[in-house]
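Counting along the sequence shown from 1, when you hit position 18 you're at 641 in the working numbering, and nothing is skipped either side. A short worksheet on the structure shown next.
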Amino acid sequence: MAYVITQRCCNDASCITECPVDCIRPSPKDPDFTTTEMLYIDPQTCIDCGACVDACPVDAIFSEDELSKSLERFRDINAAYFDRHPLEPDMSPLAIPVRPDKSLGTLRVAVIGAGPAACYSADELLKRADVEVEMLEKLPTPYGLVRAGVAPDHPGTKGVTSMFESSFKRQTFQYYLNVEVGKHISHAELLQHHHAVVYAVGASSDRHLGVPGEDLPGSHAATEFVAWYNGHPEYADRTFDLSGERAIIVGNGNVALDVARVLTLGPDELAKTDIADHALEALRNSNIREVVLLGRRGPAQAAYTSSEFLALGYLKNIDVIVDEEDLVLDDASQAAVDDPDAEPSLRLKVALAKEYAAKSADPARKRIVLRYLVSPAEVLGSDKVEGVRIVKNTLVESARGLDAQPTDETETIDAGLVIRSIGYRGVAIEDLPYDERSGTVPNENGRVVVDGEPVRGVYVSGWIKRGPRGVIGSNKTDAEETIHLLLEDFMAGRLEAPTGGRAELAKLLADRQKDIVGRDGWRAIDTEERKRGKDAGRPRVKFTSVDELLQAAKG
Ligand code: NAP
């Protein structure tokens, strides 16, 4: 018997260090670690000890005997990875983490943001040094996209927060929630009170399609819709027209799949989750029966992960529709799939699309339709969205592999709602350099640079460092890289000692923001939300306005 990693895998690799027989791959040292969809356990080597189960922050690992029907296929998915990458013992010397000598005194670091990248950065610092960490976050709540991004029907993924909760109990860690950098404190002031500042602010904006009609009422960014259904206070008052029977989502990444599920799951399923009450109410009255996803490239290039694509097929009372004609691969895609060295996840993506295409649909059920090789050319409508004119694409070779190129063939699809799910985008941070093209802060492995020269004491971690790619646990190795350099700089005397300490910072912030939420305030919010959830048979019922959150923080 072996253990099996399943759909929820967050790639944070906590399981790898705990495995006594080193049978989980890829490891952060492997070249495919940054691109892998998930981690896998070698069934031939696993000794069934279960150490990985305890280490997994999102409960993604099960004994092969206990796999539910929807997860059974992961047994073969784990094994297939090792057919392609036979397990090699890792003989490289153990990397000993750098640890500053006590004689250097207490390192003071401000971490800006409270999402996964910020939390992994703070956690890494707390483990590695005599340190005081101050975490500053604009919202009165921590956890960024874990709270406001992860889909409500993926509660296991949100379990990662319990790992941070226990780490952040230390008195050397301090929350300053409801505090905005640039408004309540400047970058220069942060540096006066800390040796270093780590910006882990994510990518809070969205990308545009640049097609006519994109700004019509009824056309929205997925970032907006996701923040709305997850109860982000800045998006709670948004409205979405759910009166039509069809919605179109542009893009086919995992966010597009999240949005498609939320639009089709139905109120009974959603009512078991922590979805915001306002969204639950709106979706209760929704008429949407069909969601069409527009993928600009083919099924072999789809941006979703195969595990999330597989999970779509197990949604109750929802058909997944794929047209067989869309699955005729061009020569280059076919060659990539047939390549004996092809990643099993690529083959699985194409195989799953074929399985969906072969299934018959029930007109009485809601449906998620996946279209491939199509792009929106225009969002149609006079005063609100009425449809989308799409153009068929072909694939052409490019630097990144195969790119979509429009043909002359067009088609119109009627729809009352259009959601563009074409990726997040980082925004510029005051007083920091910014690369407009990538939407990131220029950096070398986390050290912020200007003209190739490091900016003293300034670091980045997460999506603002590497762009909006990767799952929650990808931020762990990313944070380790940044914090490693920060500690090296501290030990080499490259950081300037702060002129103000913890007490001075507390005073400065208290003078400028009377409603700071600290650890106790967050605990009070969390307890009250969970209590409201328990009363309603849900994990939590979120407060969705800053006023409500501040009231709850006062206990
Ligand atoms: P993504 O994975 O980068 O997908 C973006 C999609 O938009 C792709 O299909 C892309 O097509 C398409 N696109 C981009 N520009 C376009 C244009 N101008 N016209 C038409 N289509 C366009 O981004 P995401 O879905 O926002 O996800 C961000 C990250 O979060 C990903 O790493 C994702 O895996 C992760 N995430 C994970 C989960 C999960 O594990 N459950 C859930 C949510 C998000 P091309 O591929 O052709 O560029």
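Think of the CB as a built atom: it goes at the ideal place given N, C-alpha and C, for glycine as much as any other residue.
Runs of the alpha helix (DSSP H) lying entirely within the stretch 815-890 and spanning at least 4 residues, in chain order: 845-852, 877-887.
Beta-bridge partners assigned by DSSP to V997: K1015. Look at the stretch 682-759 and you find these whole runs of alpha helix (DSSP H), each 4 residues long or longer: 697-707, 739-751. Secondary-structure assignment with DSSP links D942 through a beta bridge to R990.
Its chain contains W851, Y852, N853, G854, A859, K1165, T1167 as the residues whose beta carbon lies nearer than 8 Å to that of A899, once the 5 sequence neighbours on both sides are disregarded; these appear in chain order.
Here the alpha carbon of Y822 sits roughly 13 Å from the alpha carbon of D1101. For the pair of segments examined, the stretch 876-889 was found to touch the stretch 832-849: the number of CB pairs separated by less than 8 Å reaches three. The Cβ atoms of I1139 and A1133 sit closer than 9 Å to each other. Counting along the chain, E1076 sits inside the beta strand (DSSP E) bounded by residues 1076-1083.
Between the C-alpha atoms of R1155 and G1178 there is a straight-line separation of about 14 Å. Annotation for Q924 indicates a beta carbon within 8 Å of some heavy atom of the ligand NAP. If the five residues before and after M624 are omitted, its C-beta is found closer than 7 Å to the C-beta atoms of D671, S686, E687, D688, all from its own chain and listed in chain order. Residue A737 holds the alpha-carbon nearest to the alpha-carbon of Y798 among H818, A737, H831. For P967, the enclosing alpha helix (DSSP H) covers residues 967-981. One thing to note: V834 has its Cβ within 9 Å of the Cβ of V1002.
The way I'd put it, the stretch 930-944 does touch the stretch 884-894; three or more beta-carbon pairs between them come closer than 8 Å. Taking a 10 Å sphere around the C-beta of K1099, we find 16 or more other C-beta atoms and assign the residue as buried.
Counting the other CB atoms within 10 Å of its CB gives M661 a total of 16 or more, which places it among the buried residues.
Within the DSSP bridge table, the entry for A1027 names L1018 as partners.
Distance from the Cα of S790 is smallest, within the candidate group S1084, C742, V802, for C742.
For L916, the uninterrupted beta strand (DSSP E) segment begins and ends at 913-917. Distance from Y1047 to D838 at the Cβ level is roughly 19 Å; contact not present, criterion being Cβ atoms closer than 8 Å. Here the distance from the Cβ of D881 to the nearest heavy atom of the ligand NAP is below 8 Å. The alpha carbon of I1052 has as its nearest neighbour, out of I1087, G1096, G1141, the alpha carbon of I1087. The three-state reading of DSSP puts G1123 in coil, since its state is none of H, G, I, E or B. Taking the C-beta atoms as reference points, T896 is found no nearer than 9 Å to I991. Within the same chain, Cβ atoms closer than 7 Å to the Cβ of L950 are found at P922, A976, K977, A980, the five residues on either side in sequence being excluded.
In terms of Cβ geometry, V1064 and G1075 do not form a close pair [threshold 9 Å].
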